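Per our numbering: the sequence shown = residues 4 to 309.
Where a beta carbon is used, it is the ideal one built from N, C-alpha and C, also for glycine.
Small disclaimer: the values here were computed from a predicted structure and weren't measured.
What follows is one structure encoded as structure tokens, with my remarks underneath.
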Amino acid sequence: MVKVNLSGLELKNPVMSASGTFGYGKEFAEFFDLSVMGAVVCKTITLKQRAGNKPPRIADNSCGMLNAIGLENKGIEYFLQNALPFLEKFDTKVVASIAGVNPAEYAELANILDKDNRVHAIEVNLSCPNVSHGCQKGLFSQNAEITAQIVAQVCKNTSKPVFPKLSAMAADITAIAKACENAGAGGLTLINTLPAMAVDLKTRKPMLGNITGGLSGGAIKPVALKAVWDVYQVVKIPIIASGGIMNANDALEFILCGANAVQIGSANFVNPLACKEIALSVDKYFEENKLNSIDDLRGKLEYETV
Ligand SMILES: Cc1cc2nc3c(=O)[nH]c(=O)nc-3n(C[C@H](O)[C@H](O)[C@H](O)COP(=O)(O)O)c2cc1C
């Protein structure tokens, strides 16, 4: 087993689900025992229930998928009363994902979750391309100042590890990553979906009700790899990779580029067993290659400086 420690969050292996692609685990528990996973990262929650965007919300794409769910969720109260009692039955860690329209809302969510020992860490969604934010145009994580403010507020309200989730759509993701580290983040999740759109030539309409959405899956893997590699050069805190991880080799490539852990997203829509299969295969690779800890592979990309 490849154990991982993400600023106090101890995982039995580096494989987690990606927020929004695994619900609260219920549907996937019908296929496999969630205890095989390092952690379940839950669908992003907000203070109040959100209806989400106009359908259709998902569109297929030759090299990935597009979604514009719009953070539909039943709010934090539902999460506490329904999602957590289910998840606590499994021997895995639970990471809650939160979103708000301003720093105060993020702080309030963190404060509520801090009191609940069924939640082991908090991912801070600062990078959803499918919602409009209250206090600024664009994504929070495109702006180092507002990102730092939110992360600092969240950290002030919880003693659990805090993982801001960033977008590659920033002028300089390393500056945003450093701002998070300085604000007290325990790790970083890189990256969220990339803004995108798809059209139907026959109907001359957009494929998504929201017109635009977020691209995920294999198409974004090279972008995510570079984000992880770039950020790995400048921060000391752990990196959790997300973006186009469809199999164990993808996961291992991300670890080679500096990731401590990986999240499985769109792959769950193709194969409901993806998290289990990738977790077992990553473990097997470490065993077969006589690697004793994540650091024996992490950041060990071999290259000549150019
Ligand atoms: C249908 C769908 C819903 C998503 N919902 C969320 C969400 O609620 N919160 C979040 O932080 N990311 C959300 N994401 C982004 C994923 O967590 C992940 O970062 C992204 O899809 C890239 O990983 P992948 O290429 O492995 O899918 C969603 C992605 C998809 C496809």
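Hey, would you say residue i sits closer than 8 Å to residue j, going by beta carbons?
| i | j | result |
| --- | --- | --- |
| Val43 | Leu90 | yes |
| Leu3 | Ser170 | With the chain covering only 4 through 309, there is no way to say anything about residue 3. |
| Gly11 | Pro164 | yes |
| Lys168 | Asn185 | no |
| Gly190 | Ile223 | no |
| Ala244 | Ala270 | no |
| Gln52 | Pro106 | no |
| Pro17 | Val234 | no |
| Ile125 | Thr161 | yes |
| Leu69 | Leu294 | no |
| Ala188 | Val231 | no |
| Gly268 | Thr24 | yes |
| Asp119 | Leu87 | yes |
With burial defined as no fewer than 16 other Cβ atoms inside 10 Å of the residue's Cβ, what is the status of residue i: buried or exposed?
| i | result |
| --- | --- |
| Ser130 | buried |
| Asp36 | exposed |
| Cys66 | exposed |
| Asn85 | exposed |
| Met4 | exposed |
| Tyr81 | exposed |
| Gly78 | exposed |
| Asp298 | exposed |
| Gly103 | buried |
| Ser20 | buried |
| Gln156 | buried |
| Leu116 | buried |
| Lys287 | exposed |
| Ala71 | buried |
| Gln236 | exposed |
| Leu276 | exposed |
| Arg121 | exposed |
In the DSSP output, which residue or residues are listed as bridge partners for residue i?
| i | result |
| --- | --- |
| Met68 | Asp63 and Ser219 |
| Ser20 | Ile267 |
| Ile125 | Ala99 and Val165 |
| Val7 | Leu14 |
(request) Could you tell me which uninterrupted beta strand (DSSP E) segments, each at least 3 residues in length, are contained entirely in the stretch 185-246, listed from first to last along the chain? (result) 191-193, 197-200, 215-219 and 242-245
(request) With a floor of 3 residues, list each beta strand (DSSP E) that falls wholly inside the stretch 64-118, ordered by position along the chain. (result) 67-70 and 96-101
(request) Go through the stretch 10-57 residue by residue and report every complete run of the alpha helix (DSSP H) that reaches 4 residues or more, in order. (result) 29-32
(request) Could you tell me which uninterrupted beta strand (DSSP E) segments, each at least 3 residues in length, are contained entirely in the stretch 259-304, listed from first to last along the chain? (result) 264-267
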